[in-house]
Amino acid sequence: MVTVIFIAIASLIIASAVLVVISREIVRAALWLIATFFAVGALYLLLEAEFIGVAQVLVYVGAVSILILFAIMLTRQHERHEPAWRAGPWWIALAGVIGLAAVLITTIGAVPWRLTDDDLPVSRAPQLGTALMREYLLPFQLAAIVLLVALIGAVVIAMEERRRRTPTLADDIAAQRGAADRAEDGTP
Amino acid sequence: MLDAYAFIGVFFIAALVFPLVPLIAAWRLRPQRSTPIKRDTYECGLEVTGGTRVQFKVQYYMYALAFVIFDVEVVFLYPWAVAYGQLGLFALVAMSVFIIILVFGLVYEWKKGALEWA
Amino acid sequence: MMFQISDVPRLLPELMLAVLALLVLGSDVLERWADDPAARRERGRAAAQLTGIGLGLIWLVTLVQGGLAFTIAPAGAAGPLDALLSLGRNLQAGGAERGALLGAFATDGITVMARLLLIGAALVVALLAGDHLPDAHPAEFFTLLLLATLGMCVMAAAQELIIAFVALECSSIALYVLAGYSARQPAAAEAGMKYLLFGVVSSAVLLYGMSLAYGVTASIGGADGGPPRVNTSFAAIAEAVRVADVAQRGAVMLAVTLMIAGVAYKLALVPFHSWAPDVYQGASPTVAAFLAAASKTAGVFLLVRVLTAAFPDVAGAAGANGFTGWAALLALLALSTLVLGNLAALPQDVTRRLLAYSSISHAGFLALALLPLGGAAPLRDAASAALLYYLVVALIGSLAAFGALAALQAAGVADRLEDLAGLRQRNPLLAAVLTIAIASMAGLPPLAGFTAKFAVFVGAWEAGAAWLVVIALVTTVIALAYYLRVLRPIWMQPADDRPTVSVAPVTAVTLALAALALIALGVLPGPLWQLAQAAVLAR
């Protein structure tokens, strides 16, 4: 039963991933990418990694996909056109992919993977939380910095520096001086 | 484990079938007489003007990005909150540092005017 | 394994970098700047100066805390400097080595050395950037520079897969943005885009290798048969690899291959180099200097950490006694990089592009220097010291060379070789700095580059890779040809009516100091050599 579900999910992942690559319309490619994310989330559920599965749906399907779609909407519209460059004949790419896949499958297939921990608790979120606060404290804090870097980077790339409407300190001082001068002159 | 998800699987399949059945039925049953006006995009009954793709304002992206970042924060918060009982004060400090860094990012975006719509 | 308050000093330079970054950014966005050009210039200079002063302070703290160069004597007679000395003593007391922090972050001599190099490089770039303030968002430029440096420092100290990857991403994302800064210029936008695309692919490859390494480790378990507690730590991986069977070793080798390939992109090793010339040419010259100096150094440190801490048992050899393990992989990469990098540099006409190819060929030397790190202890320690020595010299050399080009560009000199004509008359200082940096890169005897190359050759020769050393020697001679092509217009061609070149005082002092360092380290290699050895032994 598990095998059947796995094959169903895996073929869904592969099919949607292939469609991402071959779609001519970029919006369609983005939608197929969301389907891929979703199917990967299902795979996590099959692996009984519930929290990761939910996080996958929350972050990738819920948020990253929005980001991708907005990024597409931001671009100026170009009519569908062929890419200006060609990365050489397709059969070289195909041969490379098949060769890589052969290496990966033979090497990974030869390993006797040992699956341990049959009696894991249903929810592993507490363990994750403990690990985040103990062994993985440093990468956890660094992740906040990475998110900050991403935020700053997006602002730098996407934002035009706008004219400030807030008055500067010099304006304040000038205004105060002006008020003081007017007070001395006795004019309202 | 799988049994618990059998329900969700059934619901998922039902959710897929439910819209597909009427669509297929309509496609099989309807008379196939097409005219240019029928094939036109429906835009509240008015005549269609312009393309479907318009260029969005950059602010949409800024909001989406802020959303992603705080979404990721929530994902980190959940296991932390579940395990909080075993962790104590130190976890509070650690998570505060994490959140303060992100809030700094929010303040930065705000002050920079990235969240202004005008 | 909990984080203790007493562990905070061990992270002091990184924490200071993070705080400084927030300060630079906060002081810009919370200030109410006017909008005229003068205010805008002032705003950029404020960020540059705050960054420069802060980085200088952090560098000093790192130097004192690391205690590699000197240790402060215990409290003696009260003198006028006593307050300062006791501050230094307290700093050094916090920098002791007690094993990796949380099993993830080593604070040994190599980390200290890496911090000094990377923070020093950031400092030089911040000083040079005064001439190249971006048109918009100046504070963000320096914030990203600082956060990239932070990521690199953590990367160089990583003892665990996840922190290594997060740190790599921290520095990479910041560098993608920096490479594409001033995106109004198409060349910069193209540079940023290319760097981003190649970078994310390499990150994915690296991550795939890491996940394989993690999977094999978890599958094998600890020495007692059970699963190790932190599967992602390099120590756990090394322990698992030691007892792995043939099939598992195959998967481990695949993981190592993918991880080396992922980092090789960042190092611009051939065949993963194609982004480098375009990015170095298109990005702002100070960013190019930072990429060539700091980014490359950090990548080498990451490889050192991963290969020596996690995979010492699949090191193999690349010489008479076999051609196996990651040593063989590095030997192949070094071979292709040395040959192709140097040959491709020959026909270049654009100075920065030529130096980019020269920087690629230097990465080949770095691969050559990494190769003996899998050997036995005395040999490995000598080779590690040679690698550190080479890293210091290469970092200073690329900062001097790219910094001189940045100064030239700030003065409005175009980017082709013939534009350097008569530079000895137009600006003797820049001519001297460029000449010294290039002669050091070429490995000419009185300069530091010669000693560094020599040390690397000895290490690789003793590790049995004599054939590779011979090829490297030949390519060094070939390299002379294109280095001379840069020097020829500077010294042999008349200036004609080309205008003189003026340089800002800060830039001039920085570049002159870098060039002097190259001479000093070449004439007196002893102190740096001892420092490198102390760093290797302070585990």
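Protein chains in written order, with the numbering used here: chain A, 1 to 188; chain B, 1 to 118; chain C, 1 to 539.
Don't be surprised by glycine CBs; every beta carbon is placed ideally from N, CA and C.
Which of the three DSSP states is assigned to residue i in this structure?
i              : result
A96 (chain C)  : Below a pLDDT of 50, predicted positions are generally treated as unreliable, and A96 (chain C), at 49, falls in that range; the measurement from the model is reported next regardless. In the structure shown, A96 (chain C) sits in coil (DSSP, three-state: anything other than H, G, I, E or B).
F105 (chain C) : strand
A377 (chain C) : helix
L399 (chain C) : helix
R33 (chain B)  : coil
E160 (chain A) : coil
G130 (chain C) : helix
R416 (chain C) : strand
T71 (chain C)  : coil
D181 (chain A) : helix
M1 (chain A)   : coil
P277 (chain C) : helix
Y390 (chain C) : helix
T286 (chain C) : helix
P499 (chain C) : coil
A243 (chain C) : In the sequence as presented, Ala is not what sits at residue 243 (chain C); that position holds Val. Correct three-state label for V243 (chain C): coil.
L148 (chain A) : helix
W467 (chain C) : helix
Tell me which residue opens and which closes the alpha helix (DSSP H) that residue i is part of.
i              : result
V424 (chain C) : Here residue 424 (chain C) turns out to be Arg, not Val, going by the sequence shown. First-last of the alpha helix (DSSP H) with R424 (chain C): 423–426.
A334 (chain C) : 325–345
H362 (chain C) : 351–370
K112 (chain B) : 89–112
I5 (chain C)   : Careful: I5 (chain C) lies outside any alpha helix (DSSP H) and carries neither H nor E.
M492 (chain C) : Here M492 (chain C) belongs to no alpha helix (DSSP H), and DSSP marks it neither H nor E.
E190 (chain C) : 186–220
L104 (chain A) : 90–110
F610 (chain C) : No answer is possible for residue 610 (chain C): the residues shown for chain C start at 1 and end at 539.
L20 (chain C)  : 12–29
Y60 (chain B)  : 58–82
Y44 (chain A)  : 26–46
S65 (chain A)  : 65–74
Looking only at C-alpha atoms, which of the options sits nearest to residue i?
i              : options                        : result
A71 (chain A)  : B:L65, B:P36, B:V74, B:F76     : B:L65
Q55 (chain B)  : A:L69, A:I152, A:M1            : A:L69
F454 (chain C) : C:S233, C:A288, C:F365         : C:F365
R488 (chain C) : C:G464, C:D349, C:A164, C:F402 : C:D349
I145 (chain A) : B:K112, B:K111, B:G113, B:I101 : B:I101
A465 (chain C) : C:M2, C:A369, C:V270           : C:A369
H132 (chain C) : C:L518, C:G403, C:V474         : C:G403
A541 (chain C) : C:Q92, C:T111, C:L91, C:L178   : For residue 541 (chain C) there is no data in the structure shown, the boundaries of chain C being 1 and 539.
K194 (chain C) : C:L207, C:Q281, C:V246, C:L212 : C:Q281
L147 (chain A) : B:F70, B:F12, B:A81            : B:F70
L302 (chain C) : C:L161, C:R498, C:V474         : C:L161
M62 (chain B)  : A:E184, A:A170, A:G178, A:I157 : A:I157
Using beta-carbon positions only, say whether residue i and residue j come within less than 8 Å of one another.
i              : j              : result
D278 (chain C) : T351 (chain C) : no
A126 (chain C) : S284 (chain C) : no
A122 (chain C) : L55 (chain C)  : yes
P542 (chain C) : T62 (chain C)  : For residue 542 (chain C) there is no data in the structure shown, the boundaries of chain C being 1 and 539.
A367 (chain C) : A400 (chain C) : no
V216 (chain C) : A240 (chain C) : yes
V18 (chain A)  : F37 (chain A)  : no
A386 (chain C) : Q159 (chain C) : no
G316 (chain C) : A327 (chain C) : yes
L128 (chain C) : A406 (chain C) : yes
A567 (chain C) : H362 (chain C) : Within the shown structure, residues of chain C are numbered from 1 to 539, placing residue 567 (chain C) beyond reach of any answer.
L138 (chain A) : F105 (chain C) : yes
L329 (chain C) : T435 (chain C) : no
W529 (chain C) : Y389 (chain C) : yes
F6 (chain A)   : L46 (chain A)  : yes
A191 (chain C) : G199 (chain C) : no
L254 (chain C) : L207 (chain C) : no
A479 (chain C) : A448 (chain C) : no
F142 (chain C) : V24 (chain C)  : yes
To which residues does DSSP link residue i through a beta bridge?
i              : result
S233 (chain C) : C:E160
G322 (chain C) : C:G319
E43 (chain B)  : B:L46
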